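Heads up, the thing below is written out as structure tokens.
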Amino acid sequence: MAVDCKGALFLLLFTAALCDGSSSSKSTQDQPPHIILIVADDLGWNDVSFHGSDQIPTPNLDSLAYSGVILGNYYVSPICTPTRSAIMTGRHPIHTGLQHFVIVSAQPYGLALNETILPQYLKQLGYTTRMVGKWHLGMYAWEYTPTYRGFDSFFGYYTGAEGYVDHVNGIHASLGYKGLDLRNGTEPVWTENGTYSTELFATEAERIIASHNTSKPLFLYLPHQAVHSGNPDNPLQAPQKYIDKFPHIQHPGRRTFAAMVSALDDAVGNVTKALSARGMLENSVIIFTTDNGGPAAGFDQNYASNWPLRGVKNTLWEGGVHGTGFVHSPLIKQPRRTTHGLLHVCDLLPTIYELAGGDSTELKNLDGTNVWETISRGVQSPRVEVLHNIDPKRKTAALRYGDYKIILGEAYKGAWDGWYPPEGVTTNHSEETNHVPRWSGPLKIKCGEKPANVSTNCKPRDNPCVFNIKEDPCEFNNIADWNKPLVDFLMGRLEAYSETAVPIRNQPTDPRGNPKYHGGVWSPWINLTDTSMSTNELYGQ
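So for the sequence shown, my numbering puts the first residue at 8; every next one is plus one.
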């Protein structure tokens with residue numbers, strides 16, 4: 008059941024009340040908080056109304072964001088698998104070998120088994136660990152799948168993309184690779200053909216919450232399929248009731264994308280209502296993040312928007328890495344604000360571990376830092392720099408240090424390094440967003456004046472470019488030519504990181520992974536205990 012505007016308003020007022028007065032003492036609760044980590048797939052900066060989108064109202068996300076803390080200076084990796092690996096390990100993809108592209112379905116590799124991941128840490132602290140949604144961290148052997156890596160239960164799909172209604176991954180159907188990818192635990196689910204995945208995953212999350220033993224803390228990892236493109240023959244899908252909400256968006260692709268976001272917004276609202284109904288919301292931390300920037304302007308057959316930021320998903324421009332995110336919890340000491348402290352997706356694991364009752368300083372080899380005091384109380388972020396990526400195969404790299412960013416190379420030879428306004432004509436700001444009270448306005452990015460040479464003043468394929476992101480968030484003005492000492496310093500930081508990087512783990516497609524050999528289902532195809540296989544075959548090296 009969709010949450011209407013009145014429902015979002017009630018939710019906002021209810022949770023805001025919990026953030027004040029006597030409920031603030033919940034920071035001393037006997038039980039660690041329930042932790043709900045929601046990941047949107049390919050959500051752009053300009054795809055939510057709490058960032059000022061006048062095309063797509065997101066009242067449920069807004070109600071949580073405005074009464075919590077909006078992450079205004081928060082960074083993710085430019086594409087899916089690397090970000091998910093950072094969430095699970097607290098380690099940068101250059102240190103896990105997942106810094107180049109994503110795991111394609113029949114490729115025999117994954118997040119290394121010697122990495123301890125988030126649900127394993129939380130189980131040590133007494134948590135029940137549940138996962139609903141997209142995995143995309145390897146599935147060529149059972150040992151790489153969620154229920155073998157610390158999750159008590161899993162309902163979702165292993166690969167990177169599929170149809171929203173039939174749950175079939177046919178991304179490479181033209182090459183003969185096509186099969187069902189939906190599982191309950193390790194068992195294929197054939198009965199949900201016709202159920203829209205955003206609603207399906209929300210319903211399963213609600214079921215988990217409704218049946219949870221509240222005397223034990225819950226970790227619910229909810230990485231949605233929305234709003235990633237589906238299969239190439241029908242990439243954008245949404246129920247008609249959502250498409251009908253956006254007659255003011257003229258472009259059909261952007262209209263359907265808006266419908267997909269709206270369905271995601273309702274799904275988040277329904278999960279939040281389920282927490283409230285069980286009395287769990289008052290001792291919960293809800294973290295919402297995208298996995299990367301949006302695929303705008305038809306990139307990957309999609310119509311997300313990062314406007315006014317530069318670039319798209321899978322680029323190192325701000326549009327690819329400046330993440331949409333917020334944290335909502337009655338445990339936040341100074342809610343209803345935006346933090347501009349520098350944060351990175353690697354910080355999620357140590358922060359969550361600390362919230363769960365652990366001592367994050369005891370965790371070894373992390374690239375992230377506990378940033379709860381920055382989120383909760385507004386203290387200065389302990390982070391001064393963010394490595395966006397170093398990709399040795401593409402020969403691209405980018406790093407932010409303080410206010411300054413250096414970028415080298417271009418993943419698409421300059422083809423996706425522009426600024427892409429959202430498609431469609433909006434004639435009115437949706438009244439729906441006006442029903443969500445705000446303690447401040449939407450978080451909007453102001454670009455400043457675009458110089459005449461904006462398209463020619465930076466050629467990162469030829470020379471490093473440097474931008475002052477605080478003053479120039481839209482990457483208009485390359486200042487490298489007259490700041491050689493700064494360029495040298497930033498290049499030195501990149502070189503220092505490069506020396507610590509491990510080789511990429513990517514492997515070519517293994518025909519044995521074709522679903523036609525596994526009953527039409529995407530399934531693990533290598534037995535790690537088979538001693539007749541070579542080490543390379545077993546471990547995808």
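Glycine included, C-beta positions come from ideal geometry on N, C-alpha and C. As the structure is a prediction and not an experimental result, all values here were calculated from the model.
Would you grab the beta carbon distance between residue i and residue j for me? Rounded to a whole angstrom, and I think it's under 8 Å.
i: valine 352; j: isoleucine 94; result: 6 Å
i: proline 337; j: glutamate 289; result: 5 Å
i: threonine 136; j: leucine 144; result: Actually they are not in contact, since the Cβ atoms of threonine 136 and leucine 144 sit about 15 Å apart, beyond 8 Å.
i: leucine 68; j: valine 275; result: 6 Å
i: valine 109; j: glycine 167; result: 6 Å
i: tryptophan 142; j: glycine 163; result: 6 Å
i: phenylalanine 264; j: valine 234; result: 6 Å
i: threonine 154; j: threonine 202; result: Threonine 154 to threonine 202, Cβ: 22 Å. No contact.
i: glutamine 308; j: proline 239; result: 7 Å
i: alanine 270; j: glutamate 206; result: 7 Å
Whole angstroms are fine: how far does the CA of residue j sit from the CA of residue i?
i: arginine 214; j: arginine 190; result: 16 Å
i: serine 388; j: glutamate 380; result: 8 Å
i: serine 30; j: glycine 75; result: Any answer about serine 30 is weak, because its pLDDT of 36 lies below 50 and its placement is not dependable; what the coordinates show is given next. Looking at the two C-alpha atoms, the distance is approximately 15 Å.
i: alanine 180; j: serine 112; result: 12 Å
i: isoleucine 216; j: arginine 261; result: 33 Å
i: tryptophan 524; j: proline 89; result: Checking the sequence shown, residue 524 turns out to be tyrosine, not tryptophan. Using only the alpha carbons, I get a separation of about 29 Å.
i: tyrosine 310; j: proline 518; result: 32 Å
i: glycine 364; j: alanine 209; result: 27 Å
i: asparagine 5; j: proline 458; result: The shown model of the chain, from 8 to 548, leaves out residue 5, and the question about it has no answer.
i: aspartate 61; j: cysteine 481; result: 19 Å
i: tyrosine 419; j: valine 328; result: 16 Å
i: glycine 237; j: tyrosine 151; result: 24 Å
i: leucine 350; j: isoleucine 382; result: 10 Å
i: lysine 340; j: proline 40; result: 15 Å
i: asparagine 490; j: methionine 146; result: 47 Å
i: leucine 362; j: asparagine 53; result: 30 Å
i: isoleucine 414; j: aspartate 469; result: 11 Å
i: leucine 16; j: glycine 79; result: Confidence is the limiting factor: at leucine 16 the pLDDT is only 42, short of 50, which leaves the residue's position unreliable and the question unanswerable from this model.
i: alanine 9; j: threonine 279; result: Unreliable placement is indicated for alanine 9, whose pLDDT of 41 sits below 50; the coordinate value is still reported in the next sentence. If I take the Cα positions, the gap works out to 12 Å.
i: threonine 368; j: glycine 133; result: 19 Å
i: aspartate 37; j: histidine 258; result: 52 Å
Report all residues from its chain with a CB closer than 6 Å to the CB of residue i; omit the five preceding and five following residues, and keep chain order.
i: lysine 402; result: Gly416
i: histidine 219; result: Leu225
i: glycine 326; result: Gly300, Asn313, Leu316, Arg317, Gly318 and Val319
i: tyrosine 81; result: Gly330, Gly332 and Leu350
i: serine 437; result: The predicted position of serine 437 is uncertain, since its pLDDT is 43 and thus under 50; a value taken from the coordinates is nonetheless stated next. The answer, listed in chain order, is Pro64.
i: alanine 464; result: It should be noted that the sequence gives asparagine, not alanine, for residue 464. Around asparagine 464: Asn485.
Could you check which residue in the options has the C-alpha nearest to that of residue i?
i: asparagine 534; options: Gly527, Gly520, Leu132 and Gly526; result: Gly520
i: aspartate 488; options: Cys472, Tyr134, Pro115 and Met146; result: Cys472
i: valine 175; options: Arg344, Val196 and Ala459; result: Val196
i: tryptophan 324; options: Lys280, Asn485 and Thr345; result: Asn485
i: tryptophan 529; options: Gln38, Ile413, Ala148 and Gly332; result: Ala148
i: glutamate 456; options: Ser160, Phe483, Val378 and Lys400; result: Phe483
i: aspartate 298; options: Arg445, Ile42 and Ile86; result: Ile86
i: proline 342; options: Gln257, Arg384, Pro259 and Gly183; result: Arg384
i: isoleucine 77; options: His335, Lys412 and Arg390; result: His335
i: asparagine 200; options: Leu187, Glu369, Ile382 and Gly332; result: Leu187
i: threonine 198; options: Asn513, Val172 and Thr368; result: Val172
i: leucine 394; options: Ser367, Val268 and Gly409; result: Gly409
i: glycine 421; options: Val386, Glu392, Lys466 and Pro399; result: Lys466
i: isoleucine 294; options: Leu356, Ser92, Asp240 and Leu243; result: Leu356
i: threonine 296; options: Leu370, Arg91 and Gly527; result: Arg91
i: glycine 104; options: Asn464, Asp537, Pro399 and Val494; result: Pro399
i: proline 115; options: Gly527, Thr536, Gln514 and Pro522; result: Gln514
i: valine 268; options: Val386, Gly177, Tyr184 and Ser204; result: Ser204
i: valine 292; options: Asp273, Ile359 and Thr322; result: Ile359
Ordered along the chain, which non-local residues of its own chain (more than five positions away) have a Cβ less than 8 Å from that of residue i?
i: histidine 102; result: Asn372, Asp374, Thr507, Ala508 and Val509
i: isoleucine 124; result: Met95, Thr96, Leu118, Arg156 and Gly157
i: proline 531; result: Met146, Tyr147, Ala148, Trp149, Tyr151 and Thr152
i: valine 391; result: Leu349, Tyr408 and Gly409
i: aspartate 354; result: Gly97, Gly375, Thr376, Asn377, Val378 and Arg390
Here's a check: name, in chain order, each residue in its chain whose Cβ is nearer than 7 Å to the Cβ of residue i, leaving out the five neighbours to either side.
i: asparagine 435; result: Reliability of the predicted coordinates at asparagine 435 is poor, the pLDDT of 42 falling under 50, and no value is obtained from them.
i: glycine 266; result: The residue you asked about is not glycine; residue 266 is alanine in the sequence shown. Result list for alanine 266: Ala245, Tyr249, Ile250, Lys252 and Phe253, in chain order.
i: isoleucine 397; result: Ile101, Gln106, Ala404, Leu501, Tyr504, Ser505 and Ala508
i: serine 56; result: Ile63, Pro64, Thr65, Asp69, Thr440 and Pro449
i: phenylalanine 306; result: Val319, Lys320 and Trp423
i: leucine 497; result: Leu406, Tyr408, Tyr411, Ile413 and Val473
i: leucine 493; result: Tyr411 and Val473
Would you say the beta carbon of residue i comes nearer than 6 Å to a heavy atom of the ligand ZN?
i: glycine 167; result: The ligand content of the structure shown is nil, which means the ligand ZN is not present either.
- Pairing CB atoms from the stretch 37–47 with CB atoms from the stretch 230–243, are three or more of them under 8 Å? Counting C-beta pairs closer than 8 Å gives three or more between the stretch 37–47 and the stretch 230–243, which meets the contact rule.
- Counting pairs of beta carbons, one from the stretch 360–374 and one from the stretch 92–110, are three or more of them closer than 8 Å? Yes: the two stretches touch, three or more of their Cβ pairs being nearer than 8 Å.
Report task. Pair every Cβ in the stretch 422–430 with every Cβ in the stretch 314–324, then say whether three or more of these pairs are closer than 8 Å. Result -> They touch, by the three-pair rule.
- Query: Between the stretch 469–477 and the stretch 448–457, do three or more beta carbon pairs fall short of 8 Å?
  - Reply: Not touching, per the Cβ criterion.
Three-pair Cβ contact test at 8 Å for the stretch 269–288 versus the stretch 297–308 | No, the stretch 269–288 is not in contact with the stretch 297–308.
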